[in-house]
Each structure stands twice: as C-alpha cells, then as structure tokens.
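Right under this line is the structure:
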C-alpha cells in the first residue's frame, strides 16, 4: 500500500500575525532598554566630570593651597589653550600622554589576558584553583613598589618591565572578578549540559562564559584605571618617559602648571575610558537582557 502524505497544516493567519507582533514588541523593548542604558551611562559620565571638577576646586579653596602651587581648571585651560606657548605645551603633554597610553595598553592587555586564562583554568580544575588562588592573594599583598626592583633586575628597563608591572596591577582584581563571574552560572543549566553528556569545556563555553559577561565588563572597567596606574609606576621606576617619568621633573623644576595639567590629562583620560567601557557594557547587557546585573 502506498503511503499517502498528509497535506501540511496551514498556518493560521491570526497566529502568524500575533507572532510577528510579539517579535516586533520584543525588538522595540530591546531598543528602548538599550537607549535607557546608554542615556544612564552618558548622564553618569557627565555627572562624574562635574563632581570631579567641584571636588578639585573645593579642595583648593578648603585647604587654602597657594596659587603658586595649586592650579585650578582655569589655569590648566590657559596653560593648554591661551598662553603664547600653549601649542608647545600641548605638543609636549599630549605626546607624553600618548606614550603613557601605549604603556597602559600593554599592561592592560597582558594583565587581562592572563586573568581570563587563569580564571578559565580555575573553572575547569578546582584542584588548581585551590592550590594557586592563595598564592595569588599572597603575591597581591606584596607592595608593587617593593617588587619593582626585582622585576627591573629580571626584565630590564625595557618593554617587558612595562608589561609585567602594568600586568600585575591589572591581573589580581580582574582575576578575582572574572573567576567569581564564571561561578555565577545557573546550576540548573550546568546540570542540563551534564545530562546531555556535555563536558566541562562545553559547560564553560555554553553557560559559564556567557553568564559571566557582567563580571567580565566589571573587570575591564577596573582594569582601565589600574593599567594607567601601572604605566605611570613603570615609567617612574623603570623605563622613564611618558607622564610618569615627566611629573618628577616638573616638580623639581617648580613647573606646577605643567604638573597639574599632566595629572588632569591622566585623570580625565581614565574617566573617559572608564565611562566608555561602561557605555559599551550597558548597551551590550541591555541587548542581551542582562541589564539588571550591570
């Protein structure tokens, strides 16, 4: 007997229209959540800049710092924009800032990459985590200034020392944050992967890494000012150059306008980069439906 194929079930127009409308509502709500997150991040950024400026001016006024030493926003603006040699000042300071940002990028990349790899290894092997995490915390408790001479002795006053010093500043906070994020995955999802025969690597890829996105972005935000701090420290102690190597000379030569402008440029850059990461984080998590964890 020849099998007779049943005709396909027709799609009910009302049901199809309802699905289309629901899909449009979901996309619309996703766009609204993204715009809300973006608006909050930009507002936070503006308020942060205002607060830092108010604290700066207020501290100069409260502590009655001499105008010869303490410079306010107007003096910094004049130094960079309105003075006769402002162009030379900009070229010098922005050149130093660019060098510091290059050093910071090296430390940021090295520290964050190592933190992510080590956190993944910890997630895959609890034995390694139990053995190495106390050692990591012990090393974290040693002041970096005390470790710097040993690092310079081993790696020299070169690119490698910048990577190591900057990477150490970034590594430990990022490692703890990412490792915590990888553990925040739903146990039910992990059990589901295991029931279907998934390995530890599958659980990591399918569940742990996507669930740890908020903590990963938090680690990136923490690492941005940490990388700048590490770069300044490496320049001051090891390689010279950049803002970190120049500030000491500005103080010794009583060039307080240059010193304050250098500090303002580094601080402003850290704030801008931190808030840019926060904006990206807010948009990505909102689109993924994870805005409540940001």
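Numbering (my numbering), first residue to last: 7 to 300.
Every residue gets a Cβ at the ideal spot worked out from N, C-alpha and C, and that includes glycine.
Close-in-space but distant-in-sequence residues of the same chain around residue 96 (CB under 6 Å, 5 per side omitted): 86
Distance between residue 292 and residue 162 (C-alpha atoms, nearest Å): 45 Å
Cβ separation of residue 102 and residue 268, assumed to be a contact under 8 Å, to the nearest whole Å: About 7 Å separates the two Cβ atoms, so the contact holds.
Among 224, 252, 98 and 278, the one whose alpha carbon lies nearest that of residue 49: 278
Alpha helix (DSSP H) segment containing residue 266, residue limits: 262-293
Beta carbon of residue 289 nearer than 8 Å to that of residue 44: yes
Status (buried if at least 16 other CB within 10 Å, exposed otherwise) for residue 280: buried
Nearest residue (CA-CA) to residue 180, options 214, 227 and 210: The option with the nearest alpha carbon to residue 180 is 227.
The segment 202-215 contacting the segment 141-157, beta-carbon criterion three pairs below 8 Å: no
Contacts around residue 139, its chain only, beta-carbon distance under 6 Å, and the 5 residues preceding and following it disregarded: none
Range of the contiguous alpha helix (DSSP H) that encloses residue 164: Here residue 164 belongs to no alpha helix (DSSP H), and DSSP marks it neither H nor E.
Which of helix, strand or coil DSSP assigns to residue 296: coil
The segment 190-206 touching the segment 236-253, judged by at least three CB pairs closer than 8 Å: no
Pairwise C-alpha distance: residue 263 and residue 108: 24 Å
For residue 185, the nearest candidate out of 202, 173, 221 and 160 (CA to CA): 221
Of the listed residues 266, 242 and 111, nearest to residue 78 (C-alpha basis): 266
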